[in-house]
Amino acid sequence: MKLNRDFFNRNCAVVAHDLIGKKLVFGEHEGIITETEAYRGADDPASHAHRGITARSAIMFGQPGKSYVYIIYGMYYCLNIVTEPEGEASAVLLRGLQLLTPPLTHLNGPGKLCRHLGITKQHNGIDLLSDSSFYVTEGIESPEVHITPRIGIKKAIDKPWRFVMAL
DNA sequence: AACAGGATGCAA
DNA sequence: TGCATCCTGTTT
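In this text, residue positions in the first sequence follow our numbering: the first is 39, and each later residue adds one.
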């Protein structure tokens, strides 16, 4: 059962928490989401949307349930899902995936995740609610979730907005 | 522990 | 035009 718009139309930290254990489908690839991070807008210095709308960050202000793909350090793609009502900048970064399709490995890190799935900038702005091959469905019933500060950033490292599924 | 690789956006 | 950045693989 595909997650509906209301699931993403909530506070990004709540969505990031609830996405743990859900199943991501991307073409032939399927996997359980094991690690996420929440990013907000003006109140979050670590977010691309911190300084307002730019060509890159505009999607974060848009409709919840859409994909946000950006290039980091010039070579890796990172996959996010837009959350909160239109006009409220926020997104959830997908950092970890337990593959259900070969090679059944655990993808650790947003760059590796996108590289394996074949996600590129052409997958930016896709509506996961209306796409037939790129979406999120129910997965594990009640996974145990660990909450920690976000990693890989230098600002706002105090906010506990990283969510990891317990093994 | 340091760094290369190199798109993007901001300050200058 | 310069510099920092939501990363990763390779080399000290």
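Glycine is no exception: its CB is placed at the ideal position from the N, C-alpha and C atoms.
| message | With distance defined between alpha-carbon atoms, name the residue in 49, 204 and 47 nearest to residue 134. | response | Closest by alpha carbon: 204.
| message | Check whether the stretch 74-92 and the stretch 163-172 are in contact - that is, three or more C-beta pairs closer than 8 angstroms. | response | No contact exists between the stretch 74-92 and the stretch 163-172.
| Through-space distance from residue 72 to residue 144, alpha-carbon basis | Rounded to the nearest angstrom, the two C-alpha atoms are 9 angstroms apart.
| request: Could you say if the stretch 174-183 and the stretch 144-161 meet the contact criterion of at least three C-beta pairs nearer than 8 angstroms? | output: Using a C-beta cut-off of 8 angstroms, the stretch 174-183 makes no contact with the stretch 144-161, since fewer than three inter-stretch Cβ pairs fall below that distance.
| request: Determine which residues share a DSSP beta bridge with residue 82 and list them. | output: As DSSP reads the structure, residue 82 sits in no beta bridge.
| query | Going by Cα to Cα distance, which pick from 70, 192 and 92 is closest to residue 146? | reply | When each option's Cα is compared against that of residue 146, the closest is 70.
| field | For residue 201, the nearest candidate out of 68, 43, 41 and 52 (CA to CA) | value | For the residues 68, 43, 41 and 52, the minimum Cα distance to residue 201 belongs to 52.
| message | Contact defined as beta carbons within less than 8 angstroms: I believe residue 259 pairs with residue 61. What is the distance between those atoms, to the nearest angstrom? | response | No information on residue 259 is available, as it lies outside the stretch 39 to 205 that the chain covers here.
| task | Drop a sphere of 10 angstroms on the beta-carbon of residue 74, count the other beta-carbons inside from all chains shown, and report buried for 16 or more, exposed for fewer. | result | By the beta-carbon neighbour count (other beta carbons within 10 angstroms, threshold 16), residue 74 is buried.
| query | Using a Cβ-Cβ cut-off of 6 angstroms (strictly less than) and excluding sequence neighbours within five positions of residue 41, which residues of its own chain qualify? | reply | Answer for residue 41: 174, listed in chain order.
| query | DSSP beta-bridge partners for residue 76? | reply | Per DSSP, the beta-bridge partners of residue 76 are 130.
| field | residue 149, DSSP secondary structure in three states | value | It is helical.
| query | Name the DSSP beta bridge partners of residue 118, please? | reply | Residue 118 has 106 and 131 as its beta-bridge partners, per DSSP.
| field | CA-to-CA distance, residue 184 to residue 58, given in whole angstroms | value | For residue 58 and residue 184, the distance between alpha carbons rounds to 10 angstroms.
| DSSP bridge partner residues for residue 69 (one or two, in chain order) | BP columns for residue 69 point to 62 and 137.
| Is the distance from the Cβ of residue 152 to the Cβ of residue 108 below 8 angstroms? | At a Cβ-Cβ threshold of 8 angstroms, residue 152 and residue 108 do not count as neighbours.
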